[in-house]
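What follows is one structure encoded as structure tokens, with my remarks underneath.
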Amino acid sequence: MSQDTLLKVENLRVSFRVNKKESVETVKGISFDIPRDSTVALVGESGSGKSVSSLAIMGLLPPDTSSIDPASKILFEGRSLLELSIEQRRDLCGKEISMIFQEPMTSLNPVFTVGFQIGEVLRLHMGMDAKQARKRSIELLGEVGIPDPSTKIDAFPSQMSGGQQQRVMIAMAIACEPKLLIADEPTTALDVTIQKQIIDLIEALRKRHKMSVLFITHDLALVGEIADHVIVMRNGEVREAGDVRQIFEQPKDTYTQALLHCRPSLDSRPWRLPVISDFMNNNGALLEQKERPRGLTGSEDIVLEVRNLGKSFYSREGFFGKKEFRAVEDVSFKLARGKTLGVVGESGSGKTTVGLTLMRLHQATSGQAIFEGKDILSMSNKEFLQYKRRIQIIFQNPYASLNPRFTVGQILMEPMLIHGIGANDGERSKMAYQLLEKVGLPTAAFHRYPHEFSGGQRQRIAIARCLTMKPEVLVCDESVSALDVSVQAQVLNLLQDLQEEFGLSYIFISHDLAVVKYIADQVMVMNKGKVVELANSDDLYHNPTQPYTKTLLNAIPRGLHSH
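Counting along the sequence shown from 1, when you hit position 27 you're at 27 in the UniProt record's numbering, and nothing is skipped either side.
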């Protein structure tokens with residue numbers, strides 16, 4: 001092992017038991033090195049084996065259902081990690097190798113303050129007493145950029161935003177000044193601006209502490225911002241590895257080329273987004289396509305007009321007082337028939353609240369939403385029922401929005417039954433089969449349950465369920481943000497096809513500005529509950545007028561940065 005290699009993985013094979021007789025190999029003999037003082041990115045789609053590989057390094061694989069091939073080697077500074085006892089491994093992994101996980105909320109303990117949780121690491125591994133640990137914890141919170149660390153140290157995780165929780169996780173991970181930091185999709189659920197802050201923070205900490213980082217992600221654009229070396233995985237195998245410039249400028253493997261092209265680009269808007277199979281089936285050649293025009297002329301038919309929408313939430317203060325929080329303030333816009341309005345802004349900007357209030361899932365505090373000359377916000381529930389099916393919503397999380405006890409057929413037929421669509425079950429099931437075909441799912445899906453599908457397929461089921469109502473307006477709330485780039489491309493293509501076929505109007509809420517530029521005709525930028533800017537999508541991206549919009553646009557990952 002050379003002097004500048006910190007970690008060496010050789011022929012790593014990991015299998016998971018399915019039942020008593022069968023097991024599935026998820027990592028199939030991969031090898032890579034992590035040099036000292038550098039960032040290595042491990043890239044691939046869901047199921048490529050990248051997180052399993054990192055858990056194998058940390059010794060966090062479930063012992064009763066998984067096994068590592070005896071011929072596999074993981075060497076850290078020349079020591080074989082797989083030969084250490086559990087105690088030795090635990091000592092090493094807290095101190096010299098540490099990990100940040102994707103979901104800070106599930107990794108932080110909700111019943112302890114963040115100060116206690118950071119302090120615990122320092123007491124266990126560094127032998128500090130309570131006073132020293134508290135002092136060091138405050139310094140760490142300051143180092144990861146949490147404002148007012150001496151009061152925030154006594155906060156509970158639930159009192160912090162997602163970006164702040166992720167910073168607390170990073171503070172815990174660097175508390176013992178590890179030599180290797182493993183970051184598993186640490187920015188997937190975060191806004192572009194916060195994502196950029198976290199990436200810059202990890203990079204600054206890496207330089208300051210001279211540590212190495214293994215950065216795991218499915219987003220290649222992000223990798224260009226942070227990595228020195230890139231390893232591309234697919235189906236448990238390494239497809240390509242090299243330094244970041246070579247991977248971006250001369251990728252050798254068709255799969256790497258495909259990953260680079262699936263993400264919507266800010267410079268062009270092809271008629272359809274390429275998906276990975278297009279590439280693999282076409283020997284890596286991109287099909288020439290015409291550009292898709294976007295934008296409004298001003299003469300379009302308006303399907304929904306929102307005027308001065310406001311929504312406040314109240315919390316109790318003292319015995320009799322109540323405190324008002326204005327989530328949405330004075331929002332007005334017009335939605336053209338068959339067109340898409342993109343709504344962007346950071347977490348807490350009020351964009352989801354706008355969508356939920358229009359669906360009457362929140363009661364509006366003020367304002368109107370005019371649909372066919374009537375204000376749907378002031379109607380009685382009974383009166384709204386006939387409009388309800390014409391405005392539908394697709395949520396961010398397809399896991400939570402589908403009933404796990406229903407088959408896909410039942411999920412699609414239930415809303416038809418409630419709204420009296422179709423004369424009988426035979427007619428309804430025929431319509432359900434047609435919808436499955438529309439959203440690109442096999443007919444066999446009809447009798448299966450949601451847990452048998454991947455995230456992207458569940459999102460298609462959710463879209464099919466909305467279509468059962470033949471809606472005119474569809475609110476898409478972050479509906480592609482949890483998906484891999486290639487699956488995201490498939491869902492965006494599907495939404496465009498449906499818009500062309502049925503003349504649907506979309507309110508497309510997202511924090512991913514590249515996706516919004518691709519799919520929206522008009523973009524509304526929100527900040528702290530108010531509309532900051534509203535313009536045609538190309539105009540907004542080429543010459544934004546507001547400083548806040550410029551900040552958002554500057555935070556979009558562009559691929560290669562100047563190494």
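Glycine included, C-beta positions come from ideal geometry on N, C-alpha and C.
Bridge partners - residue i, DSSP secondary structure assignment
i, result
"D243", "H229"
"E324", "Y314"
"V344", "V525"
"A183", "I100 and F215"
"R79", "F76"
"Q368", "R307"
"S15", "E25 and S67"
"A336", "I302"
"D375", "I370"
"P270", "E291"
"R89", "R89 is not bridged to any residue."
"L7", "I34 and F76"
"V238", "M233"
"V331", "L309"
Sequence-distant residues of the same chain with beta carbon closer than 6 angstroms to residue i, five excluded per side
i, result
"V343", "K351, I509 and M524"
"R390", "P471 and E472"
"E10", "S31 and K73"
"Q490", "V275"
"L122", "M128, A133, R136 and A175"
"T549", "V525 and E533"
Cβ neighbour criterion (16 or more within 10 Å) applied to residue i
i, result
"Y314", "exposed"
"residue 565", "A question about residue 565 goes unanswered here, because the residues of the chain that appear run from 1 up to 563."
"residue 577", "Outside the shown range of the chain (1 to 563) lies residue 577, about which nothing can therefore be said."
"S212", "buried"
"N19", "exposed"
"S268", "exposed"
"R239", "buried"
"S479", "buried"
"F320", "exposed"
"D191", "buried"
"S537", "buried"
"D243", "exposed"
"S51", "buried"
"H542", "exposed"
"Q386", "exposed"
"V532", "buried"
"K517", "buried"
"L341", "buried"
Residue i - containing alpha helix (DSSP H), residue span
i, result
"C176", "Where C176 is concerned, there is no enclosing alpha helix (DSSP H), given that its DSSP letter is neither H nor E."
"G115", "V114 to M126"
"M431", "D425 to K438"
"I198", "V192 to H209"
"V408", "V408 to I418"
"A464", "G455 to L467"
"L60", "L60 -> no alpha helix (DSSP H), and no H or E assigned at all."
"A133", "A130 to E143"
"V354", "K351 to L358"
"Q159", "Taken as a continuous stretch (DSSP letters only), Q159 belongs to no alpha helix (DSSP H), as it is neither H nor E."
"Y387", "N381 to K388"
"A400", "P398 to S401"
"I146", "I146 -> no alpha helix (DSSP H), and no H or E assigned at all."
Host beta strand (DSSP E) of residue i (start-end)
i, result
"P35", "S23 to P35"
"L67", "Checking the sequence shown, residue 67 turns out to be Ser, not Leu. That run of the beta strand (DSSP E) goes S66 to I68."
"I393", "I391 to I394"
"S505", "S505 to I509"
"D512", "That residue, D512, is in no beta strand (DSSP E); it is neither H nor E in DSSP."
"A535", "K530 to N536"
"V491", "Run containing V491: none in the beta strand (DSSP E); it sits in the alpha helix (DSSP H), V485 to F502."
"L474", "V473 to D477"
"A41", "T39 to V43"
Residues of its chain near residue i, where Cβ-Cβ distance is below 8 angstroms and the 5 sequence neighbours each way are ignored
i, result
"I302", "K334, L335, A336 and R337"
"A327", "K311, S312, F313, G350, T353 and G529"
"T5", "D33, I34, P35 and R36"
"L296", "A336, K339, D521, Q522 and N536"
Cβ neighbours of residue i in the same chain (closer than 7 angstroms, five flanking residues each side left out)
i, result
"A432", "G409, L412, M413 and F446"
"M126", "C176"
"V331", "V306, L309, V354 and V531"
With three or more C-beta pairs closer than 8 angstroms as the rule, is the segment 190-207 touching the segment 155-167? yes
Three Cβ pairs or more, each shorter than 8 angstroms: is that satisfied between the segment 75-90 and the segment 131-145? no
For the segment 30-49 against the segment 218-232, do three or more pairs of beta-carbon atoms, one drawn from each stretch, fall closer than 8 angstroms, so that the two count as touching? yes
Does the count of Cβ pairs from the segment 112-127 and the segment 143-160 closer than 8 angstroms reach three? yes
With three or more C-beta pairs closer than 8 angstroms as the rule, is the segment 372-384 touching the segment 528-542? no
Does the count of Cβ pairs from the segment 421-438 and the segment 345-361 closer than 8 angstroms reach three? no
If contact is defined by three or more beta carbon pairs under 8 angstroms, each pair taking one atom from either stretch, is the segment 292-301 in contact with the segment 254-274? yes
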